[in-house]
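Visitor: Below is the structure I would like to discuss, written out as structure tokens.
In the numbering used here, the protein residues as written are 433 to 548.
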């Protein structure tokens with residue numbers, strides 16, 4: 433005797449913790465940047481989840497000089513796509529905050545400080 437097929441609504445729901453969505457968003461931001469500045473910190477993300485959508489805020493550091501607008505746009509679109517692919521939630525907003533710009537001089541100064 434075969435079991436009756438159960439529809440998707442009858443099988444239950446999958447709940448994904450907010451911190452997991454935030455980690456996925458931060459990883460997506462790292463992927464979009466290709467590399468973190470030598471003296472910089474990796475991107476950090478925070479999220480606000482409401483039903484099947486998530487608003488993401490990403491804080492990151494960039495090299496100077498760079499096209500800040502283009503890089504932020506790339507992060508925004510990549511985070512939107514990856515969160516949708518991996519979590520299945522709509523992403524109506526990704527706010528990108530550039531916390532610091534790192535120049536080659538900043539990297540040399542940081543390297544000297546590490547050697548002391």
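All C-beta atoms, glycine included, are put in the ideal place defined by N, C-alpha and C. Remember, it's a predicted structure, so these values are computed and weren't measured experimentally.
(1) Ordered along the chain, which non-local residues of its own chain (more than five positions away) have a Cβ less than 7 Å from that of residue 454?
(2) Sorted by chain position, which residues of the same chain lie with C-beta nearer than 7 Å to residue 456's C-beta, five sequence neighbours on each side aside?
(3) Could you work out which residue in 496, 483 and 498 is closest to residue 523 when comparing CA atoms only?
(4) Scan the region 439–506 and note each continuous beta strand (DSSP E) run of 3 residues or more that stays entirely inside, going in chain order.
(5) With respect to the beta strand (DSSP E) encompassing residue 524, which residues constitute its N-terminal and C-terminal limits?
Guide: Let me spell this out:
(1) Counting from 1 along the chain shown, the entry for residue 454 is found at position 22. Answer for residue 454: 477, 478 and 479, listed in chain order.
(2) Walking along the chain shown from the start, residue 456 turns up at place 24. Hits under 7 Å: 514, 515, 518 and 519.
(3) To locate residue 523, count along the chain shown from 1; it is residue 91. If we check each option's Cα against that of residue 523, 483 comes out closest.
(4) Qualifying beta strand (DSSP E) stretches, in chain order: 476–482 and 485–495.
(5) Along the chain shown, read from residue 1 onward, the residue named residue 524 stands at position 92. 522–534 is the span of the beta strand (DSSP E), which, as asked, contains residue 524.
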